[in-house]
Every structure is written in structure tokens, then in C-alpha cells.
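Residue numbers (our numbering): 743 to 962. The beta carbon of each residue, even a glycine, is placed where N, CA and C say it ideally should be. Bear in mind the structure is a predicted one, so any value in this text is a computation, not a measurement.
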Amino acid sequence: MEINDQVKEVLKKHTGLVFDFEKYSLIGELFLPDGDSYEIQIVLYTYPRLFPTVYETGGRIPPKMDRHIYPDSGSCCFTTRAKSQILLKTKVTSLLKFIDEVVIKYFENNSFYELNKHYYGDEYSHGKMGIIEGYKDILKIDDTITTAKAIIQATTNKSLKKHQNCYCGSGRRLRKCTNGKHINNFRKLLLVEKEVLESDLRNFKEAIEMYLERNDKEIK
Ligand SMILES: [Zn+2]
Ligand SMILES: [Zn+2]
């Protein structure tokens, strides 16, 4: 669907929003299913390569990382770039789905936090560790170095090789490992742009170096 039509679809359902051509944004009041609402601006420039950039403009959420707002830009922190690219190619295939399944859930979670002082569901760390955890979650493995190797594998062959060994280190063929679960995870990784994979790999390098440095000091 063309972006224009996707915008129309959003405006039809979310009647508190309008489209501002100059700001290339959806702006206004977003109502949650329970009747609560948030003043927001959704800037579309990065879409559909990445999630749109969303701002809570009512000043209700403090601009802090642990409240899932990036303090430098003031925009909402939804998920990592890698995960957003996977979602955009699988579940979140329109702006309406982005609003209904990502933005509304984000604000519902914030309303929950205001009442309970903690979020519901899984919490991710931010920054470098958040990026690494994101990949571990995509691949469903725990080990940082194995995760980095899998990303390298995904950047070097952007297509699946028939007899490729599984990224998990089991020694089994990717197609046969864990009854196909690992090959599905690896396919998700292939949905992430090479550019994103490569720039995220730098975080692994730093995290591994930090880890080695720490262990070095402990030995001395
Ligand atoms: Zn966050
Ligand atoms: Zn495996």
C-alpha cells in the first residue's frame, strides 16, 4: 500500500490525528482503547526503512532513558533498529499496524508505569547492551560471541547456503538444527539491512573488549 493510502487508513481510524504535510507528520491526540489519550507527533521520514520517529508532545513522560524516551532527541524508544526492520517486513506492514501494535502498546505500558511504577512484560536494557540483547532474543541464544558470529555470517552471505552449519555452534546443519527453529531465527536476521548489522557489530566489539578488560583486571 502506498504511504498516502496508509496515512488515510490511519486518519480514518484515529480521528484525533491530522496529517501535516510540511512536517511530514501525523499530529494530534491518540486515544488508547481504555479512553486514556496522549498528545503525539509521528514523523514519517524514516518509514518504511525504519519505524517512524514518535514524540510525546504533551510533556507527560519525563525525557529519560529508563522511561523509554531518548534524552538527546526526545523521541520514544520502541525497540532496536534490527528488530524494527524485522517487524516492518513481517507483522508491522502498515502505518496503522505500527500505531495499533507498537505505539498504542508503548503508551499503554507508560500508563501502566504511572500507576504501578514499573512496566509490564519484558524489559530491555538500553544502549549497547540493549542492542546485543535484541540480537540474542532474535536468535534465541545467550552467548555474546556466538551471537556476534551469527551476525557476521548474516552479513557475509545474505542468502542461505544449503549445507551451512548452524550459528548456535551445535555442529549440525542450519536446516536440521532444533527442528527448524534456528533456521527461522536466522531468516529473521537476514531481513535486517547489512548496513544495520555491520554498525551494530561494533557494539559487540566494544562489549567483548570491556568484558576482556574486566576479567584481565580481576586476574591481576
Ligand atoms: Zn527503551
Ligand atoms: Zn542451531
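Distance, Cα to Cα, residue i vs residue j?
i    : j    : result
K904 : S815 : 44 Å
K918 : G911 : 13 Å
G777 : E744 : 30 Å
E874 : L792 : The sequence as given places Ile at residue 874; Glu does not occur at that position. Rounded to whole angstroms, I874 to L792 spans 18 Å at the Cα level.
Y787 : T795 : 8 Å
S779 : K870 : 32 Å
Q748 : L838 : 7 Å
V752 : C818 : 19 Å
I894 : F773 : 42 Å
A890 : K831 : 22 Å
L939 : R823 : 9 Å
L768 : Y953 : 43 Å
D879 : G758 : 35 Å
Y797 : I782 : 6 Å
M807 : G872 : 12 Å
P804 : P813 : 9 Å
F928 : P775 : 35 Å
K833 : K959 : 45 Å
V934 : T886 : 18 Å
V845 : R809 : 14 Å
I828 : Y877 : 11 Å
T835 : E937 : 21 Å
For a test of the three-state rule: what should DSSP assign to residue i, helix, strand or coil?
i    : result
D778 : coil
Q895 : helix
S853 : helix
I828 : helix
Q906 : coil
S817 : strand
D884 : coil
F773 : strand
Y797 : strand
I963 : Past the boundaries of the shown model lies residue 963; the chain is included only from 743 to 962, so the question cannot be answered.
S767 : strand
V785 : strand
L759 : strand
R915 : strand
Should residue i go down as buried or exposed, given a rule of 16 or more other Cβ atoms within 10 Å for buried?
i    : result
K825 : buried
Y862 : exposed
F946 : buried
F840 : buried
H860 : exposed
I811 : buried
V760 : exposed
F763 : exposed
G913 : exposed
T897 : buried
G770 : buried
D942 : buried
So is residue i in contact with chain C if we call contact Cβ pairs under 8 Å?
i    : result
V938 : This model lacks chain C altogether, as it is built from one protein chain only.
Any chance the stretch 847-857 sits against the stretch 913-929, with 3 or more Cβ pairs inside 8 Å? no
Could you name the residues, in chain order, whose CB is less than 5 Å away from a heavy atom belonging to ligand 2? C908, C910, S912, C919, H924
Please list, following the chain, all residues that have a C-beta closer than 6 Å to any non-hydrogen atom of ligand 1. In chain order, the residues with a C-beta atom nearer than 6 Å to some heavy atom of ligand 1 are H810, C819, H868.
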